[in-house]
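**Student:** Numbering (my numbering), first residue to last: 199 to 388.
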């Protein structure tokens with residue numbers, strides 16, 4: 199299967215700009231780019247839950263900007279995706295979409311509320327995903343293939359512990375859903 203995907207990667211300061219720099223021409227360009235997108239992947243560091251209020255405010259401003267510039271009836275999907283889900287507290291129940299939603303509600307309640315408000319329109323859809331670019335080691339008793347270098351309020355900074363055993367998970371699942379509107383069970387498994 200071929201999936202048509204066009205991507206633009208915006209800097210991590212995107213949410214800060216949405217809060218503190220509304221009206222900035224660069225930010226207006228970002229929102230203009232997103233206006234025509236049928237799907238948006240929001241990739242959030244799963245360990246950055248202390249930024250929940252900022253993410254929620256940034257999303258509220260982003261959605262206002264999208265609604266102001268675009269057609270509010272345009273069909274649009276958002277794949278809210280937690281990264282670094284190889285780290286403790288994030289990887290348990292990673293293959294169960296219901297558990298993923300509960301995990302996000304517990305870690306990012308204000309952000310989740312903004313997504314629910316935005317989704318309260320029949321042309322809008324949100325789904326939730328977890329991903330790890332580093333993956334896990336072992337089958338019966340999996341453990342993160344991660345060595346944490348630094349941890350602060352903005353998240354965790356890691357390297358791959360055993361590069362020869364590298365096995366990521368969840369990287370394709372949100373993209374597949376954005377393109378098809380369907381979850382593919384094998385893509386959600388690690």
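Backbone N, C-alpha and C fix where the C-beta goes; we use that ideal spot for every residue, glycine too.
Within 10 angstroms of its Cβ, does residue 307 collect 16 or more other Cβ (buried), or is it exposed?
**Tutor:** Per the 10 Å Cβ criterion, exposed.
**Student:** Under 6 Å Cβ to Cβ from residue 305, same chain only, skipping five residues before and after it: list those, please.
**Tutor:** Hits under 6 Å: 247.
**Student:** For residue 299, would you say it is in contact with chain B, using Cβ-to-Cβ distances shorter than 8 Å as the test?
**Tutor:** Here there is only one protein chain, and chain B is not present.
**Student:** Does the region 313-328 come close enough to the region 268-283 to have 3 or more Cβ pairs within less than 8 Å?
**Tutor:** Verdict: yes, contact present.
**Student:** In three-state DSSP terms, what is residue 243?
**Tutor:** Here residue 243 sits in strand by DSSP.
**Student:** Please list the segments of the beta strand (DSSP E) lying wholly inside the region 256-336, counting only runs of 3 or more residues, in order along the chain.
**Tutor:** Here the runs fully enclosed are 274-281 and 322-328.
**Student:** How is residue 218 classed by DSSP in three states: helix, strand or coil?
**Tutor:** It is helical.
**Student:** Could you tell me the distance, in whole angstroms, from the CA atom of residue 332 to the CA atom of residue 261?
**Tutor:** If you take the alpha carbons of residue 332 and residue 261, they lie about 31 Å apart.
**Student:** Alpha carbon to alpha carbon, what distance is there between residue 371 and residue 386?
**Tutor:** Cα-Cα distance, rounded: 6 Å.
**Student:** Would you kindly report the start and end of the unbroken beta strand (DSSP E) that includes residue 350?
**Tutor:** Its beta strand (DSSP E) spans residues 344-350.
**Student:** Alpha carbon to alpha carbon, what distance is there between residue 362 and residue 320?
**Tutor:** Cα-Cα distance, rounded: 46 Å.
**Student:** Pull up the DSSP beta-bridge partners for residue 381, would you.
**Tutor:** The partner list for residue 381 (beta bridge, DSSP) is empty, contrary to what the question assumes.
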